[in-house]
Each structure stands twice: as structure tokens, then as C-alpha cells.
């Protein structure tokens, strides 16, 4: 996986290749039944409430922790070119999809490119400004600490 | 980089970077907003210091964010394998 950070422009780029044709990978990113199986990093689980994958539609889902705690998020789809790319705006929200104002949004561009049965996925995440990145830092800390504590649990 | 070694005023920075005072001020404003820089007022001048603690937090978060994606994608590898085998069974 390639992971590069452009701090100057508050941008993060992730690239990863998958051993599957683009149609499969595209489905995995755009169909909620499949997204729920992998979108949340262990030990979290993603759980879709509603999915409307079309321009102007949105995906509303919760990240559910092992203790049952829920973090709600929604991805609003801005543009879709099937099997090629889509753009979305990512926001934290409540369980009804109302954005929680305190946390900043990020813009995503996800591109898919198949070569000889392998699919390269490029994800570019644009934060509005570095200060937004900071609010995400706080969120990240929270999850990181939880994960770390659970790793400790496993040792005992 | 310069501010990492000494506290500097915006004018001093602009001289170093062959750029306008306004451009430097804009950069400083953003960096100060995220607390990567801290300011000290000495008389009429404001000196800016680099805040290494904050930089560590940013790097820490970025490494977690990266790990997040690695975990996620490893799961997706497995999901794609399962999708393929489902298809073969049909």
C-alpha cells in the first residue's frame, strides 16, 4: 500500500492493488452488503442503515465498537462514473444522518483502474484545512486508545 | 524548518524565503490555527516557535490513519476471495 501525505494542501493519498477485476472491487466499494464486511477495521464493525448509491444520494452507517458503542457517519455521493471513479463528502453525523457540526468534513476521490485482472484503487482525501485534520486527530486518538486497551486485554 | 531551530518574526521569515510578507502571514495563520506554531509577543514583534509536541500528535494520528487503511484493505482482500469462490460455486 502506498500512503502519502501532503500537509501543505491537507491532502492524503492512499493506493492499493487488489487481485480482482474492477467490477468486483467496484461492487465492494459501492454495495452496502459488501462494505459492511470490510469497511470497519477490526475490532470495529460497519453497519449500514441506508444506502443510496447515486449522485446526490448518501450512505448512512455506524461504526460499531466491541462494547456496542456507535460512531455514525455518512458519505454523500457527488459524482459517479461507473467502474471508473466516484467522489463523496464524508461527514460524522447522528443516527438520523444529521451532521454533527463540530467535526469537519473531508472530500474523497476514489478511482479504479484494472490492468490484467488486477485493480488499482486510488483514494484521495482532501481536508478543508489543517485545522480539520486536527479534529480528526482527536477522533483517531480515541479509537487508537480503545484499540490499544483491547490489545492489552488480549495479553491477560 | 527555520522555525524548528529558532523563533522568528514574519519579516525575518519573508526575507529568508524570497516571498511576500502577506504570503508568509497566511502560512503562519494556518500553522498557528492547528497549533503547530505558538506565538510569543516581545514588545511590538511577534515571535513564532515550532511546537514539536503537536507535530508528534499529527504524525501519530497519520500513522494510525495509515494502519486503519491497511487493516481495512486486508479485510477487503479476504472479502474479494470470498466473492470469487461464491461465483465459482454457482
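Residue numbers (my numbering), protein chains in the order written: chain A, 23 to 178; chain B, 3 to 92. Glycine is no exception: its CB is placed at the ideal position from the N, C-alpha and C atoms.
Quiz item: With a Cβ-Cβ cutoff of 8 angstroms, do residue 36(A) and residue 66(A) count as a contact?
Solution: Contact flag unset, no.
Quiz item: Along the segment 66–79 of chain B, what residues have a CB closer than 7 angstroms to any CB found in chain A?
Solution: 66, 67, 68, 70, 71, 72, 73, 74, 75, 77, 78 and 79
Practice problem: For residue 11(A), I'd like the list of residues in its chain whose CB is within less than 8 angstroms of its CB, leaving aside the five on either flank, ordered along the chain. | Solution: The structure shown does not extend to residue 11(A), since chain A is modelled only from 23 through 178, so no value can be given for it.
Quiz item: Would residue 74(A) pass as a contact of residue 94(A) if the rule is Cβ separation under 8 angstroms?
Solution: no
Quiz item: Does any residue of chain B bring its CB to less than 8 angstroms from the CB of residue 64(A)?
Solution: Taking 8 angstroms as the threshold, the shortest C-beta distance from residue 64(A) to chain B falls below it.
Quiz item: Does any C-beta atom of chain B lie closer than 8 angstroms to the C-beta of residue 33(A)?
Solution: no
Quiz prompt | Contact with chain B by residue 59(A), beta-carbon distance below 8 angstroms | solution = yes
Practice problem: Put residue 74(B) into one of helix, strand or coil per three-state DSSP. | Solution: helix
Quiz item: If you measure from the beta carbon of residue 36(A) to each beta carbon in chain B, is any gap under 8 angstroms?
Solution: yes
Quiz item: So what does DSSP say about residue 133(A), is it helix, strand or coil?
Solution: In the three-state reduction of the DSSP assignment, residue 133(A) falls in the strand class.
Quiz prompt | Cβ shell of residue 84(A) (< 8 angstroms), same chain only, five flanking positions each side left out | solution = 68, 69, 71, 92, 93, 94, 95 and 117
Quiz item: Rounded to a whole number of angstroms, what is the C-alpha to C-alpha distance between residue 77(B) and residue 34(B)?
Solution: 38 angstroms
Exercise. Express the C-alpha separation of residue 131(A) and residue 82(A) in angstroms, rounding to a whole number.
Key: 18 angstroms
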